[in-house]
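Visitor: Sequences listed follow chains X and E, in order.
Residue 687 is where the first sequence ends in my numbering, and the numbering goes up by one at each step.
Residue 1356 is where the second sequence ends in my numbering, and the numbering goes up by one at each step.
Glycine is no exception: its CB is placed at the ideal position from the N, C-alpha and C atoms.
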Amino acid sequence: MKFLVCISNVPDTTTKITFTPDNKEFNKAGVQFVINPWDEYALTRAIELKEAQGAGTVTVLNVGEADTEPNIRKALAIGADDAIRVNAHPKDAFFVAQQIASIAKDGGYDVILMGKESIDYNGFQVHGMVGELLGIPTVAPAMKLDMSGNTATLEREIEGGKEIVEVNTPFVASCQQPMCEPRIPNMRGIMTARTKPLKVVEPTGDAARTEVAAFALPPQKQGVKLIPAESAGELIKLLRNEAKVI
Amino acid sequence: MSVLVVVECDGGEVKKSSLEVASYGSQVAQMLGTTATAVAVGEATEANLAKLGEQGITKVLHDAEPRLKDFVNGAYTKLIAAAAQKEDAKIIVLANSNIGASVGSRLSIRLQASIATNVVELPKTDGGSFTVKRGAFSGKAFADVKLDGDRKIIAVKKNSIEALHQAGKTAQVEAFSAQLSDADFADAPKQVVMQDQAGGILLPEADLVVSGGRGMKGPENWNLIEDLAKALGAATACSKPVSDVDWRPHHEHVGQTGITVSPNLYIACGISGAIQHLAGVNSSKVIVVINKDPEAPFFKAADYGIVGDVFDVLPKLTQAVKELN
Ligand SMILES: Cc1cc2nc3c(=O)[nH]c(=O)nc-3n(C[C@H](O)[C@H](O)[C@H](O)COP(=O)(O)OP(=O)(O)OC[C@H]3O[C@@H](n4cnc5c(N)ncnc54)[C@H](O)[C@@H]3O)c2cc1C
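1. Give me the Cα-Cα distance between threonine 1349 of chain E and glycine 1249 of chain E, rounded to the nearest whole angstrom.
2. Hey, would you say the C-beta of lysine 1271 of chain E is under 7 angstroms away from at least one heavy atom of ligand 1?
3. Kindly list, in the order they appear in chain E, the residues whose Cβ is closer than 7 angstroms to that of histidine 568 of chain X.
4. Can a CB atom of chain X be found closer than 8 angstroms to the CB of histidine 1308 of chain E?
5. Buried or exposed, going by whether 16 or more other CB atoms sit within 10 Å of the CB of glutamine 1086 of chain E?
6. Got a sec: does ligand 1 put a non-hydrogen atom nearer than 7 angstroms to the Cβ of histidine 1308 of chain E?
7. Leaving out five residues before and five after alanine 1333 of chain E in sequence, what residues of the same chain have Cβ atoms less than 6 angstroms from its Cβ?
8. In the stretch 665-687 of chain X, which residues sit with their C-beta less than 7 angstroms from some C-beta in chain E, listed in chain order?
9. Just grab the DSSP bridge partners of glutamine 1197 of chain E for me.
10. Contact check, alanine 1206 of chain E vs histidine 1093 of chain E under 8 angstroms by CB: the rounded distance?
11. Enumerate in chain order the residues of its own chain whose CB-to-CB distance from lysine 666 of chain X is below 8 angstroms, with the five nearest sequence positions on each side excluded.
12. Taking the C-alpha atoms as reference points, what is the distance between alanine 521 of chain X and aspartate 1119 of chain E?
13. State the CB to CB distance for the pair cysteine 1300 of chain E and glycine 1339 of chain E, rounded to an integer number of angstroms; the pair is presumed to be in contact (CB under 8 angstroms).
14. In the structure shown, what three-state DSSP assignment does leucine 1035 of chain E receive?
15. Can you tell which of E:Gly1084, E:Thr1291 and E:Leu1296 has its C-alpha closest to the C-alpha of leucine 1050 of chain E?
16. With 8 angstroms as the limit, tell me which residues of the stretch 495-521 of chain X have their beta carbon closer than that to any beta carbon of chain E; keep them in chain order.
17. Could you tell me which chain E residues have their CB closer than 9 angstroms to the CB of alanine 581 of chain X, listed as they occur along the chain?
18. Any beta carbon of chain E sitting closer than 8 angstroms to that of threonine 485 of chain X?
19. At a cut-off of 7 angstroms, would you count valine 608 of chain X as near ligand 1, judging by its Cβ distance to the nearest heavy atom?
20. Could you name the residues of chain E that valine 608 of chain X contacts, counting a contact when the two beta carbons are closer than 9 angstroms?
21. Taking three-plus beta-carbon pairs below 8 angstroms as touching, is the stretch 1088-1104 of chain E in contact with the stretch 543-557 of chain X?
22. Can you find a heavy atom of ligand 1 that lies under 7 angstroms from the Cβ of lysine 603 of chain X?
23. Have a look at the DSSP bridge pairing and note the partners of methionine 555 of chain X.
24. Tell me where the alpha helix (DSSP H) around lysine 1261 of chain E begins and ends.
25. Under three-state DSSP, which class holds histidine 1284 of chain E?
26. Contact criterion: CB-CB distance below 8 angstroms. Does glutamine 1197 of chain E meet it with respect to chain B?
27. Under the assumption that glycine 572 of chain X contacts arginine 1182 of chain E (Cβ atoms under 8 angstroms), give the Cβ distance between them as a whole number of angstroms.
28. Within the continuous alpha helix (DSSP H) that includes leucine 658 of chain X, where are the two ends?
29. Here's a check: name, in chain order, each residue in its chain whose Cβ is nearer than 7 angstroms to the Cβ of aspartate 424 of chain X, leaving out the five neighbours to either side.
30. For glutamine 1287 of chain E, is the beta carbon positioned less than 7 angstroms from some heavy atom of ligand 1?
31. I'd like to confirm the pairing. Which residues does DSSP put opposite valine 1317 of chain E in its beta bridges?
32. Quick check: leucine 1035 of chain E and valine 1072 of chain E, are their CB atoms within less than 8 angstroms of each other?
33. Is the beta carbon of phenylalanine 1342 of chain E within less than 7 angstroms of some heavy atom of ligand 1?
34. Just how far apart, CA to CA, sit alanine 538 of chain X and leucine 1296 of chain E?
35. Pull the bridge partners of glutamate 607 of chain X from the DSSP assignment, please.
36. For a quick check, are the C-beta atoms of proline 582 of chain X and glycine 1105 of chain E less than 8 angstroms apart?
Next up, the structure:
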């Protein structure tokens, strides 16, 4: 079975977010980039399923410029077999989805996995776009994925519960907790990752449908109003009369 | 040309987040000098759909196909696309829910529309451009996004817009068939499992949330969280380590890798306020933090705080709520 796992390169969660002076772009200076945490679930689950089947391949795909390669290598170190980088700045979800669909169409992948969303642009869109572009089912967000032959059984989160869904390959799923315990690379993985193939391809087209006009930071909090623990009940009065939330 | 609003229903009722979406859609329609039609998904009663008039909706399209009761991506996408076509909708508004995001992203390709999710404000339409404000960087920033093209899809974040209540106004409910075939239900769920929600309140939809962290020491102490939640009519939540060790179910875990909530009130009890936790709660309107460590990072994000022991403070709060009611 051929797995395609899409990863995005995002600022580390603890990053303090700042923007360029014109507020048009995220300020990358001094920022550590990581594999999007949700994508790690997709990657690890694909590797686990490949191992369980004892055959198949896991290909990692990233749409990004050359500076994303350390994280692509990290994905290879975790256990992917090979990687593709579409050499482009990811303009918006539609642009990225088109690149993924184009690679997927040519590569004959059975299962396309990705994280639920990226922790930078929080779009939660790419999975559905890829599914629709390829005309195959999408399951989003998936909390569990098992395969038996060409049939996958997934648990999809819904508000207040879950749906158990069965789909046949090919399909797209966006992954989230508690799908698996994301793996971290070991020494052997890091050594072998250096020799695994990483193919760089040029993007197909440059179509995007959205553009960020400006970024902004949320207004600063006013500061916390402390209530002494002895008179904790006062808090409830403040929540009713001052904050008006209860 | 019209605005199409997708309303999600459950057990015959329109979800609260969909009342917000309907209000958003009808205000956009007004801005553009047109009307807003809704299309219902899920299990809906006609009487409840008619009440969408209170949110400014003039007409509701209702496909009574029983298999639409549970979420089916293929069928929902086809139904909404057919409704959009019928109404010549240039703008489609839906909830930024698991359903909204799943269907919205597929629809954006099918209808060749631009799409913005996680939207927190009504659009700005100056000078021919159409811009919406959306959350980004896990709640640490906002982005003004310009939506291009003739058709646009907007997924509205919960609790970011006030639902309208124009008493007595009703919408006209119209039978509608998208002529769904068996093939459209190929990805229908084999089974739907609903989880027990504390007090019957769904966490992603809740206005008030009481949440516990590792400072609660163990599952045997959760009655303190539940008592306060019950008195307030709030949902309960927890931090990741709490669900990791199974003190609480996974679906209560909020944060960057859990559920994102934006209630009017979030009360954090014995939670340190790690950045990954904040990512899921920092768009709450009012944040209350109870922690015995005055240096806990959560106090920086809080509106109100009590430096104290949760075991001592929580019963006092519950008592005070009971006295107030
Ligand atoms: C990639 C990644 C993703 C993550 N995603 C999430 C996520 O989605 N959600 C999440 O929550 N975390 C997430 N985490 C974990 C996060 O970093 C923190 O470890 C976690 O939020 C800490 O939970 P806590 O505050 O309950 O526990 P702790 O950090 O142990 O804090 C317990 C707090 O309780 C206080 N306390 C103890 N006893 C009492 C008492 N008797 N009375 C009052 N206060 C008391 C302490 O002072 C302390 O502040 C993630 C981490 C990583 C690396």
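Guide: According to the data block:
1. 19 angstroms
2. Indeed, a heavy atom of ligand 1 lies less than 7 angstroms from the Cβ.
3. Ser1136
4. Not closer than 8 angstroms to any Cβ of chain X, the Cβ of histidine 1308 of chain E fails to qualify, so no.
5. buried
6. yes
7. Ile1318 and Val1320
8. Val665, Lys666, Leu667, Ile668, Ala670, Ala673, Gly674, Leu676, Ile677, Leu679, Leu680, Arg681, Ala684, Val686 and Ile687
9. Paired residue(s): none; glutamine 1197 of chain E is not in a bridge.
10. 6 angstroms
11. Only Leu679 meet the Cβ criterion.
12. 46 angstroms
13. Distance from cysteine 1300 of chain E to glycine 1339 of chain E at the Cβ level is roughly 10 angstroms; contact not present, criterion being Cβ atoms closer than 8 angstroms.
14. Reduced to three states, the DSSP call for leucine 1035 of chain E is strand.
15. E:Gly1084
16. none
17. Going along chain E in sequence order, the residues near alanine 581 of chain X (Cβ under 9 angstroms) are Asn1104, Asn1129, Ala1132, Ser1133 and Ser1136.
18. no
19. No, the beta carbon of valine 608 of chain X sits no closer than 7 angstroms to any heavy atom of ligand 1.
20. Ala1217 and Asp1218
21. no
22. no
23. In DSSP, methionine 555 of chain X forms a bridge with X:Cys447 and X:Ser615.
24. Lysine 1261 of chain E -> alpha helix (DSSP H) spans 1253-1263.
25. Looking at histidine 1284 of chain E - three-state DSSP - the assignment turns out to be strand.
26. Protein chains X and E are contained in the structure displayed, whereas chain B is not.
27. Going by Cβ atoms, the distance from glycine 572 of chain X to arginine 1182 of chain E rounds to 19 angstroms, so no, they are not a contact pair.
28. No residue range can be given for leucine 658 of chain X, since it is assigned to no alpha helix (DSSP H) and is classified by DSSP as neither H nor E.
29. One cannot answer for residue 424 of chain X here, as it falls past the ends of chain X, which runs 442 to 687.
30. Answer for glutamine 1287 of chain E: yes, Cβ within range of ligand 1.
31. Here valine 1317 of chain E is bridged, per DSSP, to E:Leu1296.
32. no
33. yes
34. Answer to the nearest angstrom: the Cα atoms are 37 angstroms apart.
35. X:Thr594
36. no
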